[in-house]
Amino acid sequence: MNRNLLVQSQGNLIAELAARFSGKLLLRREIPLDEKLFQRLVNQSYFTPTLSIKRNKFHYICERCGNRKRRLFANIPCNSCKKDHLYCRKCIDMGRVMECEPLYYWTGHEPKWKKYKSPCSWTGTLTPEQKRAANRIVQAVKNDERELLVWAVTGAGKTEMLFPAISHLLALGKRICIATPRTDVVRELIPRMKQAFIHVPIQGLYSGSPDMEGTAQFIIATTHQLLRYQSAFDLIIIDEIDAFPFHSDPSLAFAVHRAKKSASTSIYLTATPRKKQRVRMYSKKLPHIFVPIRFHRTPLPVPRLKMCFQLKKNVKRSLPPPAFIHWLKTRSNPERQILLFVPTILLAQKMDQKLGELLVKEKMIRREGLLETVHAADQDREEKIQLFRSQNIQILITTTILERGVTFPSVDVAVIDAGHTVFDEAALVQIAGRAGRSPSDPTGEVIFFHDGKTEAMEHAIEAIVSMNKRGGFR
Amino acid sequence: MYCVWCDGLCIPEMNWENLWSMGRTKTLCNQCENALKVIEGNRCKKCSCQLKEKQYICSDCMQWEQRFKQDPLKFNYSIFNYNERMQDMVTRWKYRGDYHLSCAFEQIFIETFKNTFAFLSKKVCVISIPLSSERILERGFNQAKVLADYLIPKREEFITRVYSEKQSKKTRKERLATKNPFFLTKKVNKPVILVDDIYTTGRTLRHAAELLLENGCPAVYAYTLIRS
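Residue numbers (my numbering), protein chains in the order written: chain G, 59 to 532; chain B, 69 to 296.
#1: For G:V65, count neighbouring C-beta atoms within 10 Å of its own C-beta (all shown protein chains included) and say buried if the count is 16 or more, exposed if not.
#2: Would B:F143 pass as a contact of B:L104 if the rule is Cβ separation under 9 Å?
#3: Considering only C-alpha positions, which residue in the set G:M251, G:V258, G:L417 and G:R462 is nearest to G:F481?
#4: Could you list the residues in the stretch 195-223 of chain B with a C-beta less than 8 Å from some C-beta on chain G, going in chain order?
#5: Give the straight-line distance between the Cα atoms of G:P357 and G:E205, rounded to the nearest whole angstrom.
#6: I need the DSSP call for B:P249, collapsed to helix, strand or coil.
#7: Anything in chain B within Cβ reach of G:A132, meaning under 7 Å, just list it in chain order.
#8: Can you pull the chain G neighbours of B:Y231, defined as C-beta to C-beta under 9 Å?
#9: Which partner residues of G:E205 appear in the DSSP bridge assignment?
#10: Whole alpha helix (DSSP H) runs in the stretch 142-221 of chain B with 4 or more residues, listed along the chain?
#11: Roughly how many angstroms lie between the CA atoms of G:Y118 and G:A514, to the nearest whole one?
#12: Please report whether the beta-carbon of G:G153 lies at a distance below 9 Å from any beta-carbon of chain C.
#13: Starting from B:E133 and walking both ways along the alpha helix (DSSP H), at which residues does that stretch end?
#14: Would you please verify whether the beta carbon of B:D265 is less than 9 Å from any beta carbon of chain G?
#15: So the beta strand (DSSP E) G:I474 belongs to, where does it begin and stop?
#16: Looking only at its chain, what residues have a beta carbon closer than 6 Å to the beta carbon of B:K213, apart from the 5 residues adjacent to it on each side?
#17: How would you list, in chain order, the residues of chain G whose beta-carbon sits under 8 Å from the beta-carbon of B:R164?
#18: Tell me which residues share the same chain as B:Y124 and place their Cβ nearer than 7 Å to its Cβ, disregarding the 5 neighbours each side in the sequence.
#19: With distances taken Cα to Cα, identify the nearest neighbour of G:E503 among G:A493, G:D509, G:P497 and G:T512.
#20: Report, in whole angstroms, the separation of the C-beta atoms of G:A77 and G:T273, which I expect to be a contact under 8 Å.
#21: What do you reckon, are the CB atoms on B:H275 and G:R147 nearer than 9 Å?
#22: For a test of the three-state rule: what should DSSP assign to G:C136, helix, strand or coil?
#23: From which residue to which residue does the alpha helix (DSSP H) around G:P308 run?
#24: Check for me: the beta strand (DSSP E) holding G:C235 runs from which residue to which?
#25: Sorted by chain position, which residues of the same chain lie with C-beta nearer than 6 Å to G:E483's C-beta, five sequence neighbours on each side aside?
#26: CA-CA distance, G:K252 and G:V258?
#27: Apart from the five residues on each side of it in sequence, which residues of its chain come closer than 7 Å, Cβ to Cβ, to G:L227?
#28: Using a Cβ-Cβ cutoff of less than 6 Å, which residues in the same chain neighbour G:A485 once the five nearest sequence positions on both sides are dropped?
#29: Since B:S146 contacts B:L215 with CB under 8 Å, what's their CB separation in whole angstroms?
#30: Assuming B:L262 and B:L273 form a contact by the criterion Cβ under 8 Å, report the distance between their Cβ atoms to the nearest whole angstrom.
#31: What do you get for G:S341, buried or exposed, if any count of 16 or more other CB atoms within 10 angstroms of its CB means buried?
#32: Counting only C-beta atoms, is B:R153 closer than 9 Å to chain G at any point?
#33: Along the stretch 105-136 of chain G, where does the CB come closer than 8 Å to a CB of chain B? Name the residues.
#34: Can you give the Cα-Cα distance for G:H305 and G:I299, rounded to whole angstroms?
#35: Relative to the alpha-carbon of G:F221, which residue among G:F255, G:E159 and G:N201 has its alpha-carbon at the smallest distance?
#36: In chain B, what lies closer than 7 Å to G:R147 by C-beta?
Take a look at the structure:
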């Protein structure tokens, strides 16, 4: 009797631990269990240690972040072994990985995730184009296809297209992750997903998020957070695959690849595939589906170019070009809010005050508080974006952090110094895609102020025009 | 060469002066180097903090003078201000344990030492502020020891420390009221330069200085990387 209870309680303990640790790859420090219990679990091979830094013939590999650059490894005298050891400097902000400390992963049985009969509580309907894409995604998931790229124009309703596939997997009791390089995108996705799947526990992980555990069945995370996972998910959806830093940092692709189970599907979502993906698509190595039309069936706003000869001079004095003020006054719909993109944080900060004063003088806005600035280093970024969304701010100056993934109902978009190198083709297409997103105001103006056309601008406009053409607009 | 902080490319400047030595190896790129602010202008002759007017010592040091009849520290010399970038660097270096980052401070630490303590005779010894054994297990290395090892009179070990709460987690008042955590292991009869990473209130350094003075050390100086 007593023994039965003991066995039962141990079973419960193991099940609980499985839910907490399965699919993760952690340092001993990150496993909050006391030493005695932990040792027992290792001996009974519930946890399995694995080398944290591998030495190859020509390079070292950090098994957590996939770093192979020699300069990002360094030696440290280890206090417990009295020897010099390698450690990885690339992922040091997540806790130091040292050669003598193994990484642990769970090798007990897998936790039983709940099966939901009809998890999706979203009541809207998909447009025929969305439905076509959604069916293709479900098919890919059912057939265990490795990869599928969904190329949908900005504002096509990508998130909704995912619902059928997610519901399908949740009904089978599988684990799902939506990963994206941008924190703002995660913050925007969490409430939408929670609304669409009311009964499913969803956790959002990003640096500074309230939930840090990451033990739910359905996880929305920045790609950085996936560095702590290993073969955890039955479906990984990467939103905005072409965004910084995902396309430039190989360790993130490494993390995402490792976080999914070997036989499962990855779905990539993007509006502006990079050359790498386009080459693979056109050579038929990467299956894809194209959604050429927005869900409210109006064409994408095509950017206008405006040449400003004195732009550099104006920017130096951190003022917008006079043409910008002129455009403000002659907009077709002065009710719309304005999203103003600038190339650098410094310019954004400086322009904040000067433009505020100028616009109050010109009587374009009532008080300076109606103009705000956000950038990556801004602490109140979330709040300000929320204020802009609720229309408490008229004009928002921003750097490229708001170029993608965020939706504002009715805005006009302006870019100052569009010739700057941060505005590449993808960025410009995405920026143009911020306008006219809601069905109640499906158009919007997009204007690029520049002092010399760049290839990026031309390609961006070409891309938008050709997407409109493929969507059936002339 | 790559910057140890931002991993950006940094190319050492080449001119006639350093043509044959091929330029010094740089550890930080220009941008990161400029983000760190060296203490310049008028500084407190006691604790190295930045002073605006033509004062000689700051109010904090006056209080120390009042508290002890004679301040156990002769003076403290620090190199950097504790600005935002420095805070970030210290977090990664000390708390996250990025040992390699200390090489960013090596050159300036050695040079300033030579300029500041040249007046002392060669019979001086360098002592780093020790960590308790618990803390060293947690962190893996002692940042003060790393800094002291760069200096020319070889670092010697005379004091040890018992475990206490982290200084950085306490308020100023609590810090000033802490007990002396240090113990002497050997007697010293030479002047001593104490090396630490940060001088905040000066409590820790003065604890060590008191202990040394009580046991027959003629004079105690302090040399720290940062004055916060």
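For each residue, glycine too, the CB sits at the ideal point set by N, CA and C. It should be emphasised that the depicted structure is a prediction, and the values quoted were computed from it without experimental measurement.
Checking against the coordinates, here is how it stands:
#1: exposed
#2: It is not a contact, given that the beta carbons lie outside the stated cut-off.
#3: G:R462
#4: I204, L205, G208 and F209
#5: 29 Å
#6: coil
#7: For G:A132, the chain B residues whose Cβ falls inside 7 Å of its Cβ are Y167 and H168, in order along the chain.
#8: Going along chain G, no residue has its Cβ under 9 Å from B:Y231, so there is no contact; the nearest lies around 15 Å.
#9: G:S324
#10: 152-158, 171-184, 201-207 and 211-217
#11: 38 Å
#12: In the displayed structure, chain C is absent; the protein chains listed are G and B.
#13: For B:E133, the uninterrupted alpha helix (DSSP H) segment begins and ends at S127 to R135.
#14: no
#15: V469 to I474
#16: Within the same chain, and ignoring the five residues on either side of B:K213 in sequence, the residues whose Cβ sits closer than 6 Å to its Cβ are S196.
#17: Here the neighbours are I150, D151, G153 and R154.
#18: K113
#19: Among G:A493, G:D509, G:P497 and G:T512, the Cα nearest to that of G:E503 is on G:A493.
#20: So it is a contact: roughly 6 Å between Cβ atoms.
#21: No; because the gap between Cβ atoms is not below 9 Å, this pair is not in contact.
#22: strand
#23: P308 to A317
#24: Taken as a continuous stretch (DSSP letters only), the beta strand (DSSP E) holding G:C235 covers I234 to T238.
#25: A514, H517 and A518
#26: The C-alpha of G:V258 is placed about 8 Å away from the C-alpha of G:K252.
#27: V199, I234, D292 and L293
#28: T458 and E461
#29: In fact, because the Cβ distance is near 12 Å, the residues do not count as touching under 8 Å.
#30: Contact between B:L262 and B:L273 holds, with the beta-carbon distance rounding to 6 Å and staying under 8 Å.
#31: Looking at its Cβ environment, which holds fewer than 16 other Cβ atoms inside 10 Å, G:S341 is exposed.
#32: no
#33: R129, L130, A132, N133, I134, P135 and C136
#34: 7 Å
#35: Out of G:F255, G:E159 and G:N201, G:F255 has the C-alpha closest to the C-alpha of G:F221.
#36: The answer, in chain order, is D166 and H168.
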